[in-house]
Structure formats: structure tokens, C-alpha cells
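According to UniProt numbering, the sequence shown is numbered sequentially starting from 1. Don't be surprised by glycine CBs; every beta carbon is placed ideally from N, CA and C. One structure is given here, and the rest of the page talks about it.
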Amino acid sequence: MNNTSSHNLGLLLLRIGFGGMMLTHGIPKLLKLLSGDLSFGDPIGIGATASLILVNMGEVLFPILVIVGFKTRLTSIPVIITMAVAAFIVHAADPLGTKEKAILFLVGFLAIAFLGPGKYSVDRK
């Protein structure tokens, strides 16, 4: 495997790993939304329902698009924003251990945004 193939495989693993793990956090929230339970926090003052919808987009819809590599740099931005809100607003007063996952996801999706999708993606770049 040459350097370019290794690089592209690494980008694929990064997208699948971070996107897939994000889905484990988002799917329960999607099921909550689909069941009609709209109770949720309102960390940025737009209302609980709007916050729940945005979190579902940031933790389900956009991670799926990142996994398949569709407009990867662009679709990683809402996930980055979601994780920044989780880490620095929702868990602002919490110890580092509590906000650690949000920060790890933030860093991972920042790396994806900077590096792009690689060859093994819908975008094939």
C-alpha cells in the first residue's frame, strides 16, 4: 500500500469511526424525537424543540453524510458546532472528564473538516 492509499484509508477510518460513534449518541435522541417526547435542554435559547431537532441533525443526519463522504468538509461543520455547544455551554461548569467525549468528537470532526473525505468517499477527493 503506497502513501496515498494509506492516507485515503486513514481518512475513511476517521470518517467511519467518528461518524459511527456519534450515531450511538444521536440515535437515542432521534428515537426520543420520533416518539413525540420533545423535552430537551435549551442551551442556546432557541427552545427545547428546536434544540432537539438541531441536535438530531448534528448527531445523526450530518454524521451519516460525513461517513459516506458527501460534502464532508461542509457537513462536518454542524457536528463541530454541536460538540462545541455540548462541551463549552452545556458542560461548561462540569469537570473535564464529563466534557471529554464532546471535546474528543470536536477534535475528530475538526480533523475531518481540515483533511477532507479522501478518495474512498462519495466526493472522491
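Counting every other CB atom within 10 Å of its CB across the protein chains shown gives PRO95 a total below 16, marking it as exposed.
The straight-line gap separating the alpha-carbon atoms of VAL122 and ILE64 is approximately 12 Å.
Straight through space, the alpha carbons of ASN8 and ARG124 are spaced by roughly 10 Å. If you check the CB distance, GLY118 and LEU12 come in under 8 Å.
Taking C-beta atoms under 8 Å as the contact rule, GLY58 and ILE81 qualify, at a distance of about 7 Å.
Scanning its chain for C-beta atoms nearer than 7 Å, with the 5 sequence neighbours on each side dropped, one finds around ALA113 the residues ARG73, SER76, ILE77 and ILE80, in chain order. Leaving aside the five residues that flank THR49 on each side, the residues in its chain whose CB is nearer than 8 Å to its CB run, in chain order, LEU38 and PHE40. Per the C-alpha coordinates, the member of LEU33, ILE16, THR98 and SER6 positioned closest to ASN56 is LEU33. A check of alpha carbon separations from ILE44 across ALA92, LEU23 and ILE27 identifies ALA92 as the nearest. Separation of SER6 and HIS25 (C-alpha to C-alpha, rounded to the nearest whole angstrom) is 29 Å. Rounded to the nearest angstrom, the gap between the Cα atoms of VAL60 and ILE27 is 6 Å.
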